[in-house]
Every structure is written in C-alpha cells, then in structure tokens.
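Residue numbers (my numbering): 47 to 196.
Notes for the one structure printed next.
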C-alpha cells in the first residue's frame with residue numbers, strides 16, 4: 047500500500063484501491079480505507095479533496111466514490127459519520143456524474159449486478175472482497191476501536 051501523504055490515511059488507501067478493478071482490491075488498503083471512514087476522526091473533506099486533486103481519471107474517481115458510499119452501508123458507522131461521508135460524496139459531483147440505474151427484470155442470483163456500482167457507472171463492485179471487512183465491523187471490534195480513540 048502507498049505511504050500516507052501528510053497523514054491522509056484514507057486518501058492514500060484510495061490511491062491504491064482505485065488503480066485496478068475493485069474485485070481485485072488490495073486487502074490491506076481496503077481495510078485501511080474502511081477503518082479510516084468507520085473509526086478515525088480524520089477530516090473526510092480534507093482526505094477526499096487531497097484524493098481528487100491527485101486523480102482525474104473518471105473510472106478511478108468513480109471507484110473511490112463507490113467505495114465511500116459502500117462503507118456507509120455497514121452498521122458499525124455512527125450516524126454522524128454516515129452524514130459526514132454522504133456530505134463528502136458531494137465533492138464527487140464536480141468530478142463525475144452518477145448514472146441512474148434502470149430497473150431490470152428479476153435476474154438469476156448468479157447474474158445479479160451490484161446496483162450501487164452500476165449507479166456509479168462501474169461494471170465491477172467489491173463482490174466477495176467485502177468479506178475482508180467483516181472482522182472489522184463487529185460490535186466487539188467497534189467497541190475496541192471506540193475505546194482507543196476516546
């Protein structure tokens with residue numbers, strides 16, 4: 047994983063994650079990015095501004111936006127941090143436009159798409175890589191992290 051620039055752990059992790067398809071994401075970078083959103087008190091606006099200043103590739107920006115929004119869907123995130131994250135996603139509006147996913151007929155389970163990824167204009171999502179994050183979003187782990195940062 048890339049070394050954080052100026053203490054920007056999230057943006058450094060995103061730098062690593064957006065360079066290849068998300069279903070091939072680097073596990074360490076994925077965990078680092080998720081924990082930075084879920085448990086740190088880092089300034090998300092500063093982190094995302096730093097990231098967007100370094101990335102102009104549309105697919106990379108879409109991947110980062112998708113990841114941030116995906117992180118908000120885990121229950122370990124506080125309501126305040128969800129709100130902060132969703133507000134920061136507004137910064138992506140200036141860099142890329144989201145696609146509106148059209149409703150599809152019921153598709154077989156094996157052919158289902160990640161609708162959030164589709165809404166970001168991506169043909170890939172995290173897929174099974176999301177399982178990498180499961181040990182870090184349990185109530186026990188969350189309590190440990192909150193105690194460390196309190």
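Beta carbons: idealized from backbone N, C-alpha and C, even for Gly.
Since this is a predicted model, take the numbers as computed values, not measurements.
1) Please return the same chain residues whose Cβ sits closer than 6 Å to the Cβ of residue 149, not counting the five positions on each side in sequence.
2) Which of helix, strand or coil does DSSP assign to residue 99?
3) Over what stretch of residues does the alpha helix (DSSP H) that includes residue 104 continue unbroken?
4) In the structure shown, what three-state DSSP assignment does residue 63 receive?
5) Determine whether the beta carbon atoms of residue 115 and residue 76 lie at a separation below 9 Å.
With the given structure in hand:
1) With a pLDDT of 40 at residue 149, under the threshold of 50, the modelled position of that residue is not reliable, and the figure given next carries that caveat. Nothing listed; no residue qualifies.
2) helix
3) 104-117
4) helix
5) no
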